[in-house]
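Be aware that the sequence shown starts at 1302, since it is given in the working numbering, and climbs by one per residue. Ideal Cβ placement from N, Cα and C applies to all residues, glycine included. Please read these numbers as outputs of a predicted model, since none were measured by experiment.
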Amino acid sequence: MADEAKAAPAPEASAGGGKKLPLKTIIIVMAMLVVEAGVLVAALSMFGGPSKAVADDGVVEPSPDALLVEIPVVHEKFNNSATGRVWLWDTEVLIQVREKDQPAIEDILTRRQAEIRTGISAIVASAQHGYFTEPGRKTLTRQLEDYLREVFKQRGETESRVAMVLIPKCVGMPADF
């Protein structure tokens, strides 16, 4: 009986205690997290923080190559009969070029004035009526831009001298009344 009494408390101790917390594992994981945080803080402080912000006055002088000037190309009344009805379009066309190209462009304009006017007249005469009434006249502007870039292009030149074509005035009126 004495042997039975000693054997009986042993199952109670193992059943009542359950599993112990793995205290050793928790301590090791916490130590690793502290070491990792320390290494991270040391690395960030060693390699410096964010760079200093320096305020600029905001005034940037554009280079002479970047300055654009507007040169009037033509200001005339062109006819268009694409709708079956004759319309007169009071049209003004300007181009934007770099300031350094201005003398060369003006020279070409004076030497080839009739050719340029004829080319623009042909584009306006063959344009559909919707080209004149669309917002921004993008189609007409694109056609004139292609033509004028070709006129002012030099041999061997990869970049166009014409930066943009502007049509500030394009007012139509029926001519058959």
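Whether residue i touches residue j by CB criterion (7 angstroms)
i     : j     : result
H1376 : E1400 : no
A1476 : L1389 : yes
I1372 : I1409 : no
Q1429 : A1367 : no
G1473 : F1433 : yes
V1387 : N1380 : yes
L1360 : Q1403 : Note that residue 1360 corresponds to Val in the displayed sequence, not to Leu. No; because the gap between Cβ atoms is not below 7 angstroms, this pair is not in contact.
K1378 : D1391 : yes
Cutoff 8 angstroms; reference residue i; Cβ partners in own chain excluding five residues on either side
i     : result
Y1448 : G1420, I1421 and I1424
V1452 : I1409, R1413, E1416, I1417 and G1420
S1461 : R1450, F1453 and K1454
C1471 : W1390, D1391, T1392, E1393, F1433, R1438 and L1441
Unbroken beta strand (DSSP E) run spanning residue i, endpoints
i     : result
F1379 : L1369 to N1381
V1398 : W1388 to R1399
Boundaries of the alpha helix (DSSP H) in which residue i is found, first to last residue
i     : result
K1353 : Element bounds for K1353: n/a, residue is neither H nor E.
F1433 : H1430 to T1434
Same chain, Cβ closer than 7 angstroms to residue i, five either side skipped, listed in chain order
i     : result
T1442 : V1466 and I1468
F1348 : none
T1440 : Y1432
M1331 : none
Helix, strand or coil at residue i according to DSSP, with G and I counted as helix
i     : result
L1322 : coil
V1466 : strand
G1473 : strand
K1454 : coil
V1360 : coil
T1440 : helix
E1249 : The requested residue 1249 is not part of the displayed model; the chain covers only 1302 to 1478.
G1385 : coil
E1460 : coil
Cβ of residue i within 7 angstroms of any chain B Cβ
i     : result
L1410 : Looking at the structure shown, chain B is missing, and only one protein chain is on hand.
Same chain only: Cβ atoms within 6 angstroms of residue i, ignoring 5 sequence neighbours per side
i     : result
E1446 : V1466
Which parts of the region 1399-1427 are runs of the alpha helix (DSSP H), unbroken and 4 residues or longer, counting only runs that do not cross its ends? 1403-1412 and 1414-1427
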